[in-house]
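Asks: Sharing a structure, written as structure tokens. Questions coming.
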Amino acid sequence: MAVLDETQMREGVDRETVETVQSMAGTYKHGWETEIEMDFAPKGLNEDIVRLISEKNNEPEWLLEWRLDAYRRWLTMESPDWAMLNIPEIDYQEQYYYAKPKSMVEKPKSLDEVDPKLLETYAKLGIPLKEQMLLAGVEGAEEGRKVAVDAVFDSVSVGTTFKKELAEAGVIFCSISEAVQDHPELVKRYLGSVVPQNDNYFAALNSAVFSDGSFVYIPAGVKCPMELSTYFRINAENTGQFERTLIVAEKGSHVSYLEGCTAPKRDTNQLHAAVVEIVVLEDAEVKYSTVQNWFPGDENGKGGIYNFVTKRADCREDRAKVMWTQVETGSAITWKYPSCILRGDDTQGEFYSIAIANNWQQADTGTKMVHLGKNSRSRIVSKGISAGHAQNTYRGLVSMHPKAKDSRNYTQCDSLLIGDKCGAHTVPYIEVRNASSRVEHEATTSKVDDDQLFYCRQRGMDEEEAVALVVNGFCKEVLQELPMEFAMEAQALVAISLEGSVG
Amino acid sequence: MMPRAKLKAQKVEAANALLDGRALPQGGAWITRARSDAEQRVRDMGLPTKRDEYWRYTDPRRLTSADVVAGALHDTQGEAPAFDAFDRVKLVFVDGVFDADASDPMALDGVEICQLSQAAMTDLHWARDIYGALEARGQSPVERPLASLNTAYATEGVLIRVTGKPAKPISLIYQRKSETSDAMVHHVIRVESGAEATILENGPFATRFNQVMEVDIADGGTLHHIRAQGRDHERAGSAHFFARLGAGSHLKSFTLTANGALIRNDSVIWLDGGEGSAHVAGATVGDGAFHHDDTVFITHGAPRCESRQVFKKVLRHGAVGVFQGKILVDQIAQLTDGYQISQSLLLDEDAQFLAKPELEIYADDVKCSHGSTSGEIDSNQLFYLRARGVPEDTAKTLLVLAFLAEALDEIADPAYAEDLRARLEAWFERRG
Amino acid sequence: MLEINNLHAELEEDSGVKILKGLSLTIKPGEVHAIMGPNGSGKSTLSYVLSGRDGYEVTEGSATLEGVDLLEMEPEERAAAGLFLAFQYPVEIPGVGNMTFLRTAVNAQRKARGEEELSAGEFLKVVRAKAKELQIDAEMLKRPVNVGFSGGEKKRNEILQMAMLEPKMCILDETDSGLDVDAMKLVSDGVNALRDAGRSFLVITHYQRLLNHIQPDVVHIMSEGRIIKTGGPELALEVEENGYADLMAEAQA
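Residue numbers (my numbering), protein chains in the order written: chain A, 1 to 503; chain B, 1 to 432; chain C, 1 to 253.
Written out as structure tokens, the structure reads:
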């Protein structure tokens, strides 16, 4: 392939994708569980559990107080009811808030000390790309582009790769629990500065009980030498996962960050309430890509992850830039609005999203673009696909504050329906409080075009293949924003997620 | 108490405080039942607050307060009222009270008209199946307690039954003569199968008004509704327009709003029969202390219907324009064609446009789209006109009128559209 | 090759609207047949019924390709069996690269026939060569399927697909519509290059001019859902000169 030009590479990718899709025949691929001895905190949530989590992580007093404050606020809050989601009553006392592989009680000094079963788990997952090899420290895997990985298994980080190489560049990439120990001043300064503890119900819950997550710090002027990746996996039963990610990009720095998620198949629903905070300073750029493939529940709507996530980037200084790209194919319920606060002048926010809901999945997802700085720019491209009995909602806010003169937003929001039992909804909020800003919003809803399907089938493709091809075409604008490995994975997921939706 | 329960309790408490000790108007059996049901709805829902989803951009307090905020009358400087040049049956309300002397006789071939106050005294009337019924239906999925309040307490209004194709439009004229008037008017319109009529409404109404119009269009019926809401600055009001459409029936509803401290127009349309069409449009111009809210909810409940929402707002000097519009397509409503556009032109830095254009779609074989834009006058277009010798003010007026034209084009009869366009032009010319 | 016997078909939607009313036709291997007829005679319907598009119901008669019943098959099975339809209005598929589309189609058919799929390298080589003959540049191959193509580009793209898929039975539905003289020559050259003893063509057209470029062995005149007259290439010239009216009157007499 090396001799082929870039277009041909793309073509090659597409071909591999089709092969991958065929090889992945049917059903959720990551639905097995790993049998590992776990260290659980008692079920249920109260101040003692919050103290226990803090203690297990050997946290300083200020962080314990911060958590307790969040917990007390959470008690006075209510689960949001405004999304177009039918959320069953969640018994927060029936969850475990802390689960850690026993082998991790003493933190491994190097990856060699990581429980082989954990590494096997990542080997089995196989995505994104060769992470498990990197995780296992296989040098040969480095021939392509390097990706540093932080893997989070249930509540704790099990290891981060390429630490040394990153350290040479001055980049800090570690679990947030390590960061609390090693870089307390950075954590204290930035934690909660983008998503405050009482921002919303799920963010408050996360603030109280988060047990691990990733921490990234890119020093001024540094272009991160490789892509950073966190891999999340929920394994233990009845365990909520509450990871917290904090990314700080100092002046003039660049970083691309990838996030992937899976969970085993279970009949019961599992809770995931994460918070991601990104601080982007002057002239810095952060690109955050997610392929979310939590277990969506079976074809009868049983089981699946409840995914309530708060992600927000604060373009705090001039010319800061952030780009969210997400492919949401999993979870029984998705409640997620990665947002951009465009505080500095000439800042830029972008949001590219594919949300696929099949069977009984429900997704209510979108973004917020809050323009505070002059001449700030934002762009939203959302592609929603509904099939089966699924409900899929785009919800977005574009807000132009009085001081955000000469700002621009463009929003394109398209929905595709496959079958007549599903729903596709668009709920944009547009708030323009100054005249020199220009806001444009366009949305369409339609079904998969019969003529296109017939054309593909006349050329020999079967119906599912034709649907996957047409839907991938519908999503192209977003897929092309993903890093190459994720784009392949995402294309395959589009096809797999829609299986059983036609015919 | 948790926040949501507390808010609900406060709303209910406010409703009870407003209604306790207030007697329902006297009337026959049918209307008394409708009124007391509506009163109970208000008590159950409570009064609206700014924390309600569909009041997030408009504060309803001025519409729900016990007392009216007094407001000066507006000097129209001799400008003739809208539709003055047209031959029509005039029904005049002064501060929300029917003025028989100023009105034409209620006689027109193809139409039966009577006053609500008269019909309410009988025990039976054709309007009993509609009065309060469409309003009650309109409480779901979004609560509209101001409309229930109107059903419970309104004593003024007309009941119009269209049985043929009347030669003239029926013109409802709302004059305002008091600085403290508080009006409640409730109209019911039934368009029988195959019938067709035009209803005109114009005038500033009252210092505070709460209007409900319930429209029931039978299979194959057609209604044209054209409304110009007067020019008084110092007034506030809420107008609900509920319309149910049978198979193959058509509705065109257009509203021009210029000025007013707070005007909220709700349109709630159901396409119940197949192959019907509903076009709802509005042109709004606001200058200074002006808050205007169009909230539109169109439900496609049958296959092969078409709907359009076209709303244009021109705002300046702190004027605020709100648009909340929804196209809801039921699972049964295959082959729906739904379109919605909401656009604002902000003429200076103080103006605001707040919009929530929604699609909620449960059928797959549909073609639905919406667009929403906000911005200032296109500087390239302006320069082009000026380079051709058009003075800047004239050029701006020209461009603004062109912007509003798409909404005016939704009026079927170009004569009415031209009448309103000329008024808009005069509005801009007065302001320079 | 293709054998159509007493074919009747009607629209599914407005039931009772009969389009094909007893059409019979036999095309032997290597032959090129043309069907001419006025608008509304059912020419395009014939191409859709044969390729299996939704919306038509066959009420009577049969159609077989090399003795195999076409009408029972799914569209992709007919394609794999060797039936190719060059669309009158090629469909645009936004976001799907022309190359991706072609390779997916080629490999789907190869797989259905139990053949090995083409590797990316082989495929590229073949497609480049064939594209060059049709003056389709690399830029066009990169663009999404038919999106933003001119009328001529769309038709050339259809012929490129035909060349890549190597079908046995090609139906060209008004391939000349929307083409200028140069484009028509290019497309016709493409088709003529594919003429082969094992490959048959059914050329549906309104005008005789395409048949100057693609010389038919047999010409059929279609009217009101049936073949009303069959002859040699001279029949097309007769239509060109006198129009359809005489032939139709003759058929009704």
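Virtual Cβ for every residue (Gly too), placed ideally from N, Cα, C.
Please work out which residues of its chain come closer than 7 Å, Cβ to Cβ, to Phe428 of chain B, disregarding the five sequence neighbours upstream and downstream, and give them in chain order.
Replies: Thr397, Val400
Asks: Please look up how many angstroms separate the CB atoms of Ile199 of chain B and Tyr416 of chain B, rounded, as I've assumed it's under 8 Å.
Replies: Not confirmed; about 11 Å, so no contact.
Asks: Taking C-beta to C-beta, are Val499 of chain B and Arg208 of chain B nearer than 8 Å?
Replies: The requested residue 499 of chain B does not occur in the structure, where chain B is confined to residues 1 to 432.
Asks: Looking at C-alpha atoms only, which residue of A:Lys321, A:Gly297, A:Ala204 is the closest neighbour of Val275 of chain A?
Replies: The candidate whose alpha carbon is nearest that of Val275 of chain A is A:Ala204.
Asks: Over what stretch of residues does the beta strand (DSSP E) that includes Asn272 of chain A continue unbroken?
Replies: In the sequence under discussion, the amino acid at residue 272 of chain A is His, which differs from the Asn named in the question. Segment 269-272, the beta strand (DSSP E) holding His272 of chain A.
Asks: Sorted by chain position, which residues of the same chain lie with C-beta nearer than 6 Å to Ala273 of chain A's C-beta, five sequence neighbours on each side aside?
Replies: Phe202, Leu205, Asn206, Phe242, Phe308
Asks: Check for me: the alpha helix (DSSP H) holding Ile159 of chain C runs from which residue to which?
Replies: 151-165
Asks: Note down the Cα distance separating Cys174 of chain A from Leu146 of chain B, rounded to an integer number of angstroms.
Replies: 57 Å
Asks: Taking 6 Å as the limit between beta carbons, can you name the residues of its chain near Gln334 of chain B, skipping five residues before and five after?
Replies: Pro303, Ala363, Asp365
Asks: Between the stretch 424-438 of chain A and chain B, which residues of the former have a C-beta closer than 8 Å to a C-beta of the latter?
Replies: Ala424, His425, Thr426, Val427, Pro428, Tyr429, Ile430, Glu431, Val432, Arg433, Asn434, Ala435, Ser436, Ser437, Arg438
Asks: Mind checking which residues open and close the alpha helix (DSSP H) that includes Pro145 of chain B?
Replies: Counting along the chain, the alpha helix (DSSP H) containing Pro145 of chain B begins and ends at 145-153.
Asks: Let me confirm a value: Ser23 of chain A is counted as buried when at least 16 other C-beta atoms fall within 10 Å, else exposed. Which label applies?
Replies: Low local confidence applies: a pLDDT of 42 at Ser23 of chain A is under 50, so the model's placement there is unreliable, and no value is given.
Asks: Determine the chain C residues that contact Glu277 of chain A at a beta-carbon separation under 8 Å, and present them in chain order.
Replies: Near Glu277 of chain A there are no residues of chain C at all, since even the closest Cβ is about 33 Å away, more than 8 Å.
Asks: Just to confirm, is the Cβ distance from Gly282 of chain B to Thr299 of chain B under 8 Å?
Replies: no
Asks: So is the beta-carbon of Asn16 of chain B under 7 Å away from any non-hydrogen atom of the ligand PLP?
Replies: Absence of the ligand PLP from the depicted structure is noted, as is the absence of any ligand whatsoever, leaving it without description.
Asks: For Leu20 of chain C versus Leu46 of chain C, is the C-beta spacing smaller than 8 Å?
Replies: Yes, the pair counts as a contact, with Cβ atoms nearer than the cut-off.
Asks: Give the interface partners of Gly366 of chain A over in chain C, defined as CB-CB distance under 9 Å, in chain order.
Replies: What Gly366 of chain A touches in chain C: nothing, since even the nearest Cβ is about 21 Å away.
Asks: Let's see if you can read the secondary structure: which residues bound the alpha helix (DSSP H) around Gly190 of chain C?
Replies: Looking at the DSSP string, the run of the alpha helix (DSSP H) that includes Gly190 of chain C is 181-194.
Asks: Quick one, which residues of the stretch 192-217 of chain C are near chain D if we go by CB-CB under 8 Å, in chain order?
Replies: The structure shown contains no chain D; its protein chains are A, B and C.
Asks: Less than 6 Å between C-beta atoms, sequence neighbours within five positions excluded: which residues of the same chain meet that for Asp294 of chain B?
Replies: Asn265, Gly282, Phe311, Phe323
Asks: Give me, in chain order, the residues of the same chain whose beta-carbon lies closer than 7 Å to that of Met184 of chain C; leave out the 5 immediate sequence neighbours on both sides.
Replies: The residues are Asp176, Leu210, His213.
Asks: By a C-beta neighbour count over all protein chains shown, 10 Å radius and 16 as the cutoff for buried, is Arg145 of chain A buried or exposed?
Replies: With a pLDDT of 48 at Arg145 of chain A, under the threshold of 50, the predicted position of this residue should be treated as unreliable, and no value is reported.
Asks: Could you work out which residues of chain A lie near Thr373 of chain B, taking near to mean beta carbons separated by less than 8 Å?
Replies: Arg438, Val439, Glu440, His441
Asks: Taking contact to mean 3 or more Cβ pairs, one atom from each stretch, closer than 8 Å, check whether the stretch 123-138 of chain B and the stretch 33-44 of chain B are in contact.
Replies: yes
Asks: Could you compute how far the alpha carbon of Val12 of chain B sits from the alpha carbon of Trp270 of chain B?
Replies: 28 Å
Asks: Count the other C-beta atoms from every protein chain shown that fall within 10 angstroms of the C-beta of Ser188 of chain C, then say buried if there are 16 or more, exposed otherwise.
Replies: buried
Asks: Among residues of its own chain, excluding the 5 on either side of Asp419 of chain B, which ones have a beta-carbon nearer than 8 Å to its beta-carbon?
Replies: Ala82, Phe83, Ala85, Phe86
Asks: Applying the criterion that 16 or more other CB atoms from any shown protein chain within 10 Å of the CB defines a buried residue, is Phe98 of chain B buried or exposed?
Replies: buried
Asks: Nearest-angstrom Cα distance between Asn242 of chain C and Asp217 of chain C?
Replies: 21 Å
Asks: Can you look up Ser438 of chain B in the DSSP assignment and give me helix, strand or coil?
Replies: Residue 438 of chain B falls outside the range modelled here, since chain B spans only 1 to 432, and no answer is possible.
Asks: For Ser497 of chain A, I'd like the list of residues in its chain whose CB is within less than 6 Å of its CB, leaving aside the five on either flank, ordered along the chain.
Replies: Apart from the 5 residues on each side of it in sequence, Ser497 of chain A sits with its Cβ closer than 6 Å to the Cβ of Thr329, Ile356, Asn358 in its chain, given in chain order.
Asks: Below 9 Å between beta carbons is the criterion; list the residues of the stretch 72-92 of chain A that meet it against any residue of chain B, in chain order.
Replies: Thr76, Met77, Glu78, Asp81, Trp82, Met84
Asks: Which residues of chain A have a Cβ atom closer than 7 Å to the Cβ of Arg53 of chain C, listed in chain order?
Replies: Counting only Cβ-Cβ distances below 7 Å, Arg53 of chain C has contacts in chain A at Phe454, in chain order.
Asks: Against chain A, with Cβ distances strictly below 8 Å, would Gln10 of chain B count as a contact?
Replies: no
Asks: Can you give me the Cβ contacts of Arg22 of chain B inside the same chain, cut-off strictly under 7 Å, excluding the 5 residues immediately before and after it?
Replies: none
Asks: When Cβ atoms are compared, which residues of the stretch 105-119 of chain C fall closer than 7 Å to chain A?
Replies: Ala105, Ala108, Gln109, Ala112
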